[in-house]
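Please read the structure below before turning to the comments.
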Amino acid sequence: MITIVNDFLNLSNFQQAWLKVKENNGCAGVDAETIDDFAQNQDFNLVQLREAVANSTYCPHPYKQVKIPKEGGKWRELRIPTVRERIVQQALLNVLAPLVEPHFSPCSFAYRPNLSYIQAVEKVADWRDLGYRWVLDADIVQYFDNIDHQILLVQLRQYIDHPGILCLIKAWISSGILSEQGLKLPKKGIPQGSVISPLLANIYLDKFDHTIANSDIKLVRYADDFLILARTQERIRQAYSEVVDLLDSLKLNINRDKTQITDFEHGFCFLGHGFLENAIFPVDKPKKKQGDRKTQRVGEYLSTGKKKVQTQKSYNQKKKKYLSN
Numbered sequence: 001m002i003t004i005v006n007d008f009l010n011l012s013n014f015q016q017a018w019l020k021v022k023e024n025n026g027c028a029g030v031d032a033e034t035i036d037d038f039a040q041n042q043d044f045n046l047v048q049l050r051e052a053v054a055n056s057t058y059c060p061h062p063y064k065q066v067k068i069p070k071e072g073g074k075w076r077e078l079r080i081p082t083v084r085e086r087i088v089q090q091a092l093l094n095v096l097a098p099l100v101e102p103h104f105s106p107c108s109f110a111y112r113p114n115l116s117y118i119q120a121v122e123k124v125a126d127w128r129d130l131g132y133r134w135v136l137d138a139d140i141v142q143y144f145d146n147i148d149h150q151i152l153l154v155q156l157r158q159y160i161d162h163p164g165i166l167c168l169i170k171a172w173i174s175s176g177i178l179s180e181q182g183l184k185l186p187k188k189g190i191p192q193g194s195v196i197s198p199l200l201a202n203i204y205l206d207k208f209d210h211t212i213a214n215s216d217i218k219l220v221r222y223a224d225d226f227l228i229l230a231r232t233q234e235r236i237r238q239a240y241s242e243v244v245d246l247l248d249s250l251k252l253n254i255n256r257d258k259t260q261i262t263d264f265e266h267g268f269c270f271l272g273h274g275f276l277e278n279a280i281f282p283v284d285k286p287k288k289k290q291g292d293r294k295t296q297r298v299g300e301y302l303s304t305g306k307k308k309v310q311t312q313k314s315y316n317q318k319k320k321k322y323l324s325n
């Protein structure tokens with residue numbers, strides 16, 4: 001663990017982190033310091049920032065809240081860290097990610113090196129071809145906003161036993177949010193827009209991933225979107241209850257409005273791709289959040305045993321074209 005701390009506080013690590021933050025650009029945080037402002041005296045600023053972290057005098061700023069319009073007239077809230085916060089978070093990410101990455105389940109595809117939604121789509125096809133043709137298509141309610149801080153910190157202690165680093169992460173996830181309404185202190189959730197949040201999000205669901213992966217059902221997860229695959233209708237119905245219980249243990253809820261039981265014969269969408277029988281075709285290009293997003297809900301299995309496909313233009317047109325061939 002001493003090596004990890006030394007690697008984190010190494011000045012060259014902070015320099016690499018700065019280059020990554022500079023490459024990603026982004027707007028200023030609550031202190032109004034821009035990338036260009038920091039760059040004007042970057043060598044001095046990096047030494048000063050590194051020393052502040054090493055001497056425990058570094059204190060995170062509140063996040064600046066911005067709203068981005070979504071489809072349907074809704075808004076997505078992002079929390080923007082300062083440039084200096086982004087550098088420190090990136091410096092920790094540089095050393096923490098290689099430590100935890102080997103422990104992640106292969107069923108998780110978001111925010112990971114050399115993986116994308118394409119590999120997730122291909123894995124769904126692999127399980128389909130092996131006879132897993134019943135599907136629970138699920139979504140977690142406001143995943144980032146509902147992550148429990150205490151549960152997350154317990155999970156982090158599996159990889160980190162240095163109190164200084166744990167306190168730093170705790171400060172980041174509990175930092176205030178500055179908006180037009182003033183300063184708000186979050187009791188749960190991790191900030192969307194934070195450099196380190198995607199890694200924390202994967203750590204939080206790692207136990208969920210491994211529990212399902214070690215059973216007789218299969219999981220393909222991309223952030224808060226996931227599919228459970230089973231060989232029979234009865235097993236997928238049982239899986240639904242198991243998933244609800246596992247998420248409940250993490251103080252998370254399944255989004256029942258976006259969750260369905262279906263099969264490949266009646267079709268569904270996942271990560272911008274339509275799945276129908278043995279065909280896969282793009283429906284909508286997944287949109288980027290802190291990763292790629294998302295799917296359209298196209299079918300559901302009713303409790304009566306009947307199946308229906310909802311009217312969605314893009315999916316239905318391509319489904320019709322496929323069936324006519």
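If you're matching positions, the sequence shown starts at 1 in our numbering and goes up one per residue. All C-beta atoms in this analysis are idealised placements derived from N, C-alpha and C, irrespective of residue type, glycine included. As the structure is a computational prediction, the values presented were derived from the model and not from experiment.
DSSP bridge partner residues for S174 (one or two, in chain order): Within the sequence shown, numbered from 1, the residue matching residue 174 stands at position 174. In DSSP, S174 forms no bridge with anything.
field: Proximal residues to L49 (C-beta, below 6 Å), its chain only, five neighbours per side dropped
entry: Walking along the sequence shown from the start, residue 49 turns up at place 49. Closer than 6 Å at Cβ, skipping near neighbours: R84.
field: Any chain E beta carbon closer than 8 Å to L250
entry: The structure shown contains no chain E; it holds only a single protein chain.
- request: For S56, write down the residues that DSSP places opposite it in a beta bridge.
  value: Taking the first residue of the sequence shown as 1, we reach residue 56 at position 56. None; S56 has no bridge partner.
- prompt: Would you call the segment 39 to 53 and the segment 8 to 24 touching, i.e. three or more CB-CB distances under 8 Å?
  reply: yes
query: When you compare each of L229, G164, G274 and N253 to I261 by their alpha carbons, which one comes out closest?
result: The count along the sequence shown starts at 1 and reaches residue 261 at position 261. Of L229, G164, G274 and N253, the residue nearest in Cα terms is L229.
Selected residue, minimal CA-CA separation from K188, among D148, D161 and Q155: In the sequence shown, residue 188 corresponds to position 188, counting from 1. The shortest C-alpha separation from K188 is found at D148.
message: By the three-class DSSP mapping on this structure, what secondary structure does G193 have?
response: As a working note, residue 193 is residue 193 in the sequence shown. G193 falls in the coil class under three-state DSSP.
Residues that A279 bridges to, as DSSP identifies them: What you label residue 279 is simply residue 279 of the sequence shown in a count that begins at 1. A279 pairs with L276.
Own chain residues within Cβ distance below 7 Å of L9, not counting five before or after: As a first step, residue 9 must be located in the sequence shown, where it is residue number 9. R50, V53 and A54.
Element boundaries [alpha helix (DSSP H), containing D245]: Counted from its first residue, the sequence shown places residue 245 at position 245. Looking at the DSSP string, the run of the alpha helix (DSSP H) that includes D245 is Q233 to S249.
query: Considering only C-alpha positions, which residue in the set Q42, V5, L130 and E71 is nearest to A91?
result: Translated into the one-based positions of the sequence shown, residue 91 becomes position 91. Out of Q42, V5, L130 and E71, V5 has the C-alpha closest to the C-alpha of A91.
- prompt: Secondary structure at L227, three-state DSSP: helix, strand or coil?
  reply: Residue numbering aside, residue 227 sits at position 227 when the sequence shown is read from its first letter. Reduced to three states, the DSSP call for L227 is strand.
query: So, do the segment 174 to 191 and the segment 56 to 66 have three or more beta carbon pairs nearer to each other than 8 Å?
result: yes
- request: With distances taken Cα to Cα, identify the nearest neighbour of V135 among N24, F264 and A39.
  value: Within the sequence shown, numbered from 1, the residue matching residue 135 stands at position 135. Nearest C-alpha to V135: F264.
field: CA-to-CA distance, L130 to D245, given in whole angstroms
entry: For the purposes of this step, residue 245 is identified with residue 245 of the sequence shown, where counting begins at 1. For the purposes of this step, residue 130 is identified with residue 130 of the sequence shown, where counting begins at 1. Between D245 and L130, the C-alpha separation is close to 27 Å.
message: To the nearest angstrom, how far is the alpha carbon of L96 from that of P106?
response: In the sequence shown, counting from the first residue as 1, residue 96 sits at position 96. In the sequence shown, counting from the first residue as 1, residue 106 sits at position 106. One C-alpha to the other measures close to 18 Å.
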